[in-house]
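Q: The letter at position 78 of the sequence shown is residue 121 when you use the working numbering, and the numbering goes up by one with no holes.
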Amino acid sequence: MPASSRVGCEGLSGMDGHGDLSGNPSAETLAALLTARQLECLQLAAEGHASAEIGRRLGLSARTIDDHLAVACRRLGVRSRIQAVAIALTVGLIRPPVA
44 MPASSRVGCE
54 GLSGMDGHGD
64 LSGNPSAETL
74 AALLTARQLE
84 CLQLAAEGHA
94 SAEIGRRLGL
104 SARTIDDHLA
114 VACRRLGVRS
124 RIQAVAIALT
134 VGLIRPPVA
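Rendered as structure tokens:
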């Protein structure tokens, strides 16, 4: 499977895969865990863009985008970019995609 079509964050060390963010952290707490670039990648992923397209928009490689999303997943304690996007949307870190 090409790197640009991967959707998961599997294979990261130290990740329990249960999405456990004990105590329901606030948006501020979660925002402090993520860089502006990671949030930008999550926003574009929420809009349905593949890593290759996000990379083209940001002037980065698809692999670098995958790395940004993988770190965001690890910091949020989830296994997939879909779960990371869901958390970011739920707490208001990113905007819902416009239809």
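For every residue, glycine included, the Cβ atom is placed at its ideal position computed from N, Cα and C.
Quick check on DSSP: helix, strand or coil for S94?
A: In the sequence shown, the residue the question calls residue 94 occupies position 51. If DSSP states are grouped into helix, strand and coil, S94 belongs with the helices.
Q: Can L119 and L73 be called in contact, C-beta distance under 8 Å?
A: Within the sequence shown, numbered from 1, the residue matching residue 119 stands at position 76. Within the sequence shown, numbered from 1, the residue matching residue 73 stands at position 30. Yes, Cβ-Cβ distance for L119 and L73 is below 8 Å.
Q: So, A95 versus A88, is the Cβ gap smaller than 8 Å?
A: Walking along the sequence shown from the start, residue 95 turns up at place 52. Walking along the sequence shown from the start, residue 88 turns up at place 45. In this structure, A88 does not lie closer than 8 Å to A95 by Cβ.
Q: Between the Cα of A142 and those of E90, C84, A129, spot the shortest distance and give me the residue it belongs to.
A: For the purposes of this step, residue 142 is identified with residue 99 of the sequence shown, where counting begins at 1. With distances taken between Cα atoms, A142 lies closest to E90.
Q: For the alpha helix (DSSP H) holding A142, just list the boundary residues, first then last.
A: On the sequence shown, residue 142 is found 99 positions in, with the first residue counted as 1. Here A142 belongs to no alpha helix (DSSP H), and DSSP marks it neither H nor E.
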